[in-house]
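Each residue of the sequence shown is one higher than the one before, counting from 259 in our numbering. Structure first, then comments.
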Amino acid sequence: LLQLLLTHIAFIRLAGFATGVLANWAPALFAYYAKYCEALAGHLNDISFNFATTVWAAVTINFGPRTISLRHRDYANLAWGWCPITALGKFNPDDGGHLVLWDLGLVVRFPPGSTIAIPSGMLTHSNTTIGARETRFSVTQYTAGAIFRWVDQGYQTKDDFVKKMTTVEYKAFLATEERRFKEGLAMFSTLDDLR
Numbered sequence: 259l260l261q262l263l264l265t266h267i268a269f270i271r272l273a274g275f276a277t278g279v280l281a282n283w284a285p286a287l288f289a290y291y292a293k294y295c296e297a298l299a300g301h302l303n304d305i306s307f308n309f310a311t312t313v314w315a316a317v318t319i320n321f322g323p324r325t326i327s328l329r330h331r332d333y334a335n336l337a338w339g340w341c342p343i344t345a346l347g348k349f350n351p352d353d354g355g356h357l358v359l360w361d362l363g364l365v366v367r368f369p370p371g372s373t374i375a376i377p378s379g380m381l382t383h384s385n386t387t388i389g390a391r392e393t394r395f396s397v398t399q400y401t402a403g404a405i406f407r408w409v410d411q412g413y414q415t416k417d418d419f420v421k422k423m424t425t426v427e428y429k430a431f432l433a434t435e436e437r438r439f440k441e442g443l444a445m446f447s448t449l450d451d452l453r
């Protein structure tokens, strides 16, 4: 069933739409994701991405029939990375299915067929319940932060990477680790950047 969905034109278009959102609204972040996709494809001959139209390594399809996301933060995802979420199903978006962004104090109307991209590793989020006879499904794409680090570490674990370092190299590595998050946030666009 999953393979059937991953090859269905509707899901391919959903993935491509989310990629287009990232490319248009956060072009530097899109380029970052694309660079790592290319690096993975060049290093792992047998890698297969879920969709040819995506820059995210993973997809979750929540089959419902009443998908509800409890309050959480996706700590394993790239901290500053965007996570596109698409709501599907048949429910009244005025009564339920809202996206709650706890850190921002926002409750966002999130009707079926809508896609939103959030930094799910930074923002605590959930969604509200729907009616007893309504349905809600979701499609979410994301990439674990560990994948980016694995590529940066020469396609090896952190332990294997650092054990080969000199003291000077290790200090430089730690400095890079400290800068990484700030550099990641700098990939977000302002409206002035997009003009």
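Note that the Cβ used here is the ideal one computed from N, Cα and C, for glycine as well. On a predicted model such as this, the values are computed, not experimentally measured, just so you know.
query: To the nearest whole angstrom, what separates the beta carbons of glutamine 455 and valine 317, a pair I think is in contact under 8 Å?
result: Residue 455 lies beyond the stretch modelled for the chain, which goes from 259 to 453, so this question has no answer here.
Serine 378 burial status per 10 Å Cβ neighbour count (16 or more: buried):
Position 120 of the sequence shown, counted from the start, is the residue given in the question as residue 378. Residue environment: serine 378 is assigned as buried (16 or more neighbouring CB atoms within 10 Å of its CB, all protein chains considered).
Q.
Contact defined as beta carbons within less than 8 Å: I believe leucine 346 pairs with proline 369. What is the distance between those atoms, to the nearest angstrom?
A. Numbered from 1 along the sequence shown, position 88 holds the residue referred to as residue 346. Numbered from 1 along the sequence shown, position 111 holds the residue referred to as residue 369. Their Cβ separation, rounded to whole angstroms, is 10 Å, which puts leucine 346 and proline 369 out of contact at 8 Å.
| said: Which of the three DSSP states is assigned to arginine 438 in this structure? | reply: For this step, residue 438 is matched to residue 180 along the sequence shown. Residue state, collapsed to three classes: helix.
#### Entry: Opening and closing residue of the alpha helix (DSSP H) in which histidine 301 lies
As a working note, residue 301 is residue 43 in the sequence shown. According to the DSSP assignment, histidine 301 belongs to the alpha helix (DSSP H) that extends over 285 to 301.
Quiz item: Cα-Cα, which of Ile388, Gly412, Trp360 is closest to aspartate 353?
Solution: Counting from 1 along the sequence shown, the entry for residue 353 is found at position 95. It is Ile388.
_So, with DSSP's three-state summary, where would you put alanine 315?_
Along the sequence shown, read from residue 1 onward, the residue named residue 315 stands at position 57. In this structure, alanine 315 counts as coil in the three-state DSSP scheme.
Exercise. Are leucine 287 and phenylalanine 406 closer than 9 Å when you measure CB to CB?
Worked result: Residue 287 sits at position 29 when you count from the first residue of the sequence shown. Residue 406 sits at position 148 when you count from the first residue of the sequence shown. Judged by their CB atoms, leucine 287 and phenylalanine 406 are not nearer to each other than the 9 Å cut-off.
Requested in this report: Please name the residue or residues paired with glycine 347 in a DSSP beta bridge.
Outcome: If you number the sequence shown from 1, residue 347 lands on position 89. Its beta-bridge partners are Arg394.
Note to self: Assess contact between the segment 296 to 308 and the segment 324 to 339, defined as three or more Cβ pairs (one per stretch) separated by less than 8 Å. Is contact present?
What the structure shows: Pairwise C-beta distances place the segment 296 to 308 out of contact with the segment 324 to 339, as fewer than three of them are shorter than 8 Å.
- Item | Minimum C-alpha distance to alanine 292 - residue among Leu302, Thr393, Trp314 | Here residue 292 refers to the residue found at position 34 of the sequence shown. Sorting Leu302, Thr393, Trp314 by C-alpha distance to the C-alpha of alanine 292 places Trp314 at the top.
With a Cβ-Cβ cutoff of 9 Å, do alanine 276 and alanine 375 count as a contact? To locate residue 276, count along the sequence shown from 1; it is residue 18. To locate residue 375, count along the sequence shown from 1; it is residue 117. In this structure, alanine 276 sits near alanine 375, with a CB-CB distance shorter than 9 Å.
For the beta strand (DSSP E) containing alanine 444, name the first residue and the last one. The residue you call residue 444 lines up with position 186 of the sequence shown. Segment: none, alanine 444 is in no beta strand (DSSP E) and carries neither H nor E.
For glycine 442 and glutamate 427, the rounded distance between their alpha carbons = Translated into positions along the sequence shown, residue 427 becomes position 169. Translated into positions along the sequence shown, residue 442 becomes position 184. When only Cα atoms are considered, glutamate 427 and glycine 442 end up about 22 Å apart.
Exercise for review: Report all residues from its chain with a CB closer than 7 Å to the CB of leucine 259; omit the five preceding and five following residues, and keep chain order.
Suggested key: Position 1 of the sequence shown, counted from the first residue, corresponds to residue 259. Cβ contact annotation for leucine 259 (same chain, cutoff 7 Å, sequence separation greater than five): none.
| message | Can you tell me whether threonine 386 is helix, strand or coil according to DSSP? | response | Along the sequence shown, read from residue 1 onward, the residue named residue 386 stands at position 128. If DSSP states are grouped into helix, strand and coil, threonine 386 belongs with coil.
Inter-residue spacing [alpha-carbon to alpha-carbon] between tryptophan 360 and asparagine 385: Against the sequence shown, residue 360 aligns to sequence position 102. Against the sequence shown, residue 385 aligns to sequence position 127. Going from the Cα of tryptophan 360 to the Cα of asparagine 385 covers about 10 Å.
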